[in-house]
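Counting the sequence shown from 1 gives a position; our numbering is that position plus 23. Here the structure comes first, spelled out in structure tokens, and everything after it is commentary.
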Amino acid sequence: WRRRLLVAAVVAPAAVLGLWIAVHRVPWLGPLVANTLRSVIGVEAVTDLEETAYGLQDRWNRLWRGGDEPEAYWEVPEGGPATPAPVTTTDSGCSIPAFARDDVGPVHESWSAPGDGVWVPVADSQHPTDSPRMLKTLLHPDRIRSWAAVSVVAVDLRQVDLHMMAGSHEPKNSTKEAFKYERKAIIAAREHSELLAAFNGGFRAEHGHYGMKVDGVTLVQPRRLSCSIAKYPDHRLRIGDWEALEDTAEQAVWWRQTPGCMVDEGKLHPGLRSEKNTYWGATLDGDTIIRRSALGLSADGNVLYVGIGDFTTAKVMAVGMQHAGARYVAQLDVNWSYPKFVL
């Protein structure tokens with residue numbers, strides 16, 4: 024028994040560490056492990072386990088990487104990118120000014136990587152000669168964690184349309200009409216020639232029961248206390264509290280709800296000041312150090328911001344998006360496997 028206990032004492036921590044590393048290397052493994060555990064020990068137990076694990080990871084990073092300087096994720100051309108010539112829209116044939124954003128600079132001048140806050144064009148391999156439709160920048164909004172970075176992509180909504188698609192299983196249906204709706208859950212091949220990028224959306228239904236309407240069908244009933252992203256027939260997008268969008272919800276082509284708006288009318292949500300607020304992690308509190316994603320909109324509605332935050336709290340994510348230029352911000356999905364921006 025002593026030998027068995029000794030072996031168990033050595034093997035168990037090694038197995039847990041190995042699994043932790045594996046779920047952060049293999050995209051499908053994390054969701055599989057989490058969902059399996061939820062069915063066995065329950066959602067709340069898995070939440071407690073995740074918070075404990077992420078807390079330990081953050082302590083280790085602060086001990087091991089505390090002296091590190093912020094690092095750049097990509098090279099930024101010296102002198103900034105060349106100003107592109109005016110572009111011509113394919114729909115109407117009218118010329119519009121080239122897509123450009125003023126550099127926002129680093130969030131913290133003394134705590135930044137080379138190129139922080141500088142907008143760099145995102146190459147479009149399918150249309151290499153076109154003027155840029157997307158720009159990217161990197162920010163380090165967390166003053167005590169150099170490894171906490173927020174990558175932001177700015178998308179020109181004068182030239183780009185945002186589409187919504189339901190997953191094959193999530194969010195789970197909560198209306199009768201939803202069960203008649205065919206979930207294709209894949210971007211049709213005929214649309215690939217005009218496809219720029221794809222990214223994941225909101226939480227699983229069990230994590231807040233946030234509503235969704237797509238293709239005119241309500242899959243999940245709306246929740247009053249939530250932030251909502253809506254698209255209208257004129258291609259206009261809005262991000263705001265559900266109460267502000269509810270009157271026009273029937274007119275919307277689609278809408279998707281998330282936890283309360285992180286930024287509304289340019290102001291941070293008061294709840295972001297509370298370290299134990301569980302609003303923006305579904306079942307993880309706002310101070311949990313995890314990978315997060317968010318969607319933002321400029322004041323004039325012409326620029327969409329997509330943010331991916333590594334090792335961020337909810338507040339750090341919101342501050343990064345706000346600094347990049349978003350006047351309205353809704354958090355999307357969290358944890359390592361889901362927040363990605365795929366070209």
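Backbone N, C-alpha and C fix where the C-beta goes; we use that ideal spot for every residue, glycine too. If you're wondering where the values come from, they're calculated on a predicted model, not measured in any experiment.
Exclusion of the five residues before and after S360 leaves P50, G53, P54 as the residues of its chain whose Cβ lies within less than 7 Å of its Cβ. Here the C-alpha atom of A172 lies approximately 18 Å from the C-alpha atom of V145. Under the 8 Å Cβ criterion, the stretch 188 to 196 does not count as touching the stretch 154 to 168, having fewer than three qualifying pairs. Judged by beta-carbon spacing, G234 lies within the 7 Å limit of R246, meaning their Cβ atoms are closer than that value.
Ranked by Cα distance from R156, the options R166, A136, V178 are led by V178. Secondary structure of F202 (DSSP, three-state): helix. Cβ neighbours of D91 within its own chain (closer than 7 Å, five residues either side excluded): S169, W170. Residue pairing from DSSP places Y328 in a beta bridge opposite A177, G319. The residues M187, K236, V237, K254, in chain order, have a CB closer than 6 Å to that of W277 in the same chain once the five nearest residues on each side in sequence are set aside.
Between W97 and R124, the C-beta gap is not smaller than 7 Å, which leaves the two residues out of contact. In this structure W43 is in contact with A76, their Cβ atoms being roughly 7 Å apart against a cut-off of 8 Å. Beta-bridge partners of T160 (DSSP): V175. In the structure shown, Y351 falls within a strand segment according to DSSP collapsed to helix, strand and coil. With a contact defined as Cβ atoms closer than 8 Å, S135 and F222 miss out at about 25 Å. Nearest C-alpha to G283 among G294, L79, T70: G294. Its chain contains Y233, W265, Q280 as the residues whose beta carbon lies nearer than 6 Å to that of S249, once the 5 sequence neighbours on both sides are disregarded; these appear in chain order.
Counting along the chain, W278 sits inside the beta strand (DSSP E) bounded by residues 277 to 281.
In this model, A341 and H131 are separated by some 15 Å (Cα to Cα).
Rounded to whole angstroms, R48 and G41 show a C-alpha spacing of 11 Å. Contact check for V286 and I313: beta-carbon distance about 19 Å, past the 8 Å limit, so the pair fails to qualify.
Boundaries of the alpha helix (DSSP H) harbouring I44: 25 to 46, taken from the DSSP string.
In the DSSP assignment, D287 forms a beta bridge with K290.
Per the C-alpha coordinates, the member of Q354, I210, G330, A68 positioned closest to S174 is G330.
Taking the CA atoms as reference points, A353 sits about 49 Å from L28. Residue pairing by DSSP places L260 opposite K254 in a beta bridge.
DSSP places V237 inside the beta strand (DSSP E), whose first and last residues are 235 to 237. Shown here, V339 sits in a helix according to DSSP, grouped into three states.
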